[in-house]
Amino acid sequence: MANTQQQAQEKVEKMDQNKKEQILKDFNEFENYLADKINKGEKIGLGEEQLAKGAERVAEYLKNHEEPKNSEEKLLQEMWKVADDEEKHKMAHVLVKLAKKDGNE
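Mapped onto my numbering, the consecutive letters of the sequence shown carry residue numbers 22 to 126.
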């Protein structure tokens with residue numbers, strides 16, 4: 022396990038600076054998008070469970086109808102494809118939690 026972590030660290034260190042910046046930029050844009058949607062849902066009175074159920078519906082639609090636009094979306098799509106219903110519901114709650122955290126920083 023430690024060897025795998027060391028290899029990952031070495032790859033990150035060797036990565037081109039522009040590539041690192043692009044990954045972080047894409048991730049920040051993704052987080053900001055989530056935060057915006059969660060904030061809008063909360064403003065119209067949606068609670069955590071309603072937000073999570075909405076996130077599940079959106080994720081299911083995206084999985085079936087849209088191509089991922091960045092590596093984060095691709096990872097989420099692949100995770101969504103292999104998850105069972107309970108895991109999907111938990112992931113939706115984590116996404117809501119992530120968006121709330123980022124919206125409050």
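All C-beta atoms, glycine included, are put in the ideal place defined by N, C-alpha and C.
Inset, instruction - State whether the region 98-106 contacts the region 56-68, with contact taken as three or more CB pairs (one from each stretch) at a distance under 8 Å. - result: no
Inset, instruction - Kindly list the residues whose CB is nearer than 7 Å to the CB of A104, restricted to its own chain and excluding five residues on each side of it in sequence; keep chain order. - result: As a working note, residue 104 is residue 83 in the sequence shown. Cβ neighbours of A104 beyond the five flanking positions: M112.
Inset, instruction - Confirm, please, whether the CB-CB distance from E93 to D37 is below 8 Å. - result: Start at 1 with the first residue of the sequence shown, and residue 37 comes out as number 16. Start at 1 with the first residue of the sequence shown, and residue 93 comes out as number 72. Going by C-beta atoms, D37 is not nearer than 8 Å to E93.
Inset, instruction - Would you identify the three-state DSSP class for G66, choosing helix, strand or coil? - result: Walking along the sequence shown from the start, residue 66 turns up at place 45. It is coil, neither helix nor strand.
Inset, instruction - Mind checking which residues open and close the alpha helix (DSSP H) that includes K90? - result: Looking up residue 90 in the sequence shown gives position 69. Here K90 belongs to no alpha helix (DSSP H), and DSSP marks it neither H nor E.
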